[in-house]
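Peer 1: If you use the numbering used here, the sequence shown corresponds to residues 1 to 115, in order. Glycine residues also receive a C-beta, built at the ideal position from the N, C-alpha and C atoms. Predicted model only: the values in this text are computed from it and were never measured.
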Amino acid sequence: MNMLLTLTTNIALASLLVMIAFWLPQLNIYADKASPYECGFDPMGSARLPFSMKFFLVAITFLLFDLEIALLLPLPWASQTNKLTTMLIMALLLISLLAASLAYEWTEKGLEWAE
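#1: Under 8 Å by Cβ, that's how I've got Trp116 and Lys54 pegged, so tell me the actual separation to the nearest angstrom.
#2: Below 8 Å on the Cβ atoms is my contact criterion, and I expect Ala78 with Met87 to pass it. Report the Cβ-Cβ distance as a whole number of Å.
#3: Under a three-way DSSP split, which group does Pro74 fall into?
#4: For the alpha helix (DSSP H) containing Glu108, list its first residue and its last residue.
#5: Quick one: what's got a C-beta closer than 7 Å to Leu71's C-beta in the same chain, skipping five residues either side?
#6: So what does DSSP say about Phe22, is it helix, strand or coil?
#7: On the three-state DSSP scale, how would you describe Ser79?
Written as structure tokens, this is what we have:
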């Protein structure tokens, strides 16, 4: 009975919110709000704008660091194994690699946007 009441309340509340959002008029309609936003570039302009190489390098650096950090996500589950020393050594190696690559990017001025 309690689950049925909770389910009914959730469905009714969700339906009410959807109906309110559907029937309320949009008050502020601007041309900028109606046009699509494409990463700061004007989508109605020329498609042959020069691409910033600095932006590309920062994006690649972000992807590499993001992948390295994603490798750290299973560590809490790996800490429940019998081979705790192996897990800690691998985690230390991964974090050392991440710190060394960050230091390299920093010394090569790969993280500075303005020159």
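Peer 2: Inspection of the coordinates gives the following:
#1: What is shown of the chain runs 1 to 115, which leaves residue 116 out entirely.
#2: Right, the Cβ-Cβ distance comes to about 5 Å (below 8 Å), so this counts as a contact.
#3: Here Pro74 carries a coil assignment [DSSP, helix/strand/coil].
#4: No alpha helix (DSSP H) holds Glu108; DSSP gives it neither H nor E.
#5: Leu94, listed in sequence order.
#6: For Phe22, the secondary structure class from DSSP, reduced to helix, strand or coil, is helix.
#7: Looking at Ser79 - three-state DSSP - the assignment turns out to be coil, as it is neither helix nor strand.
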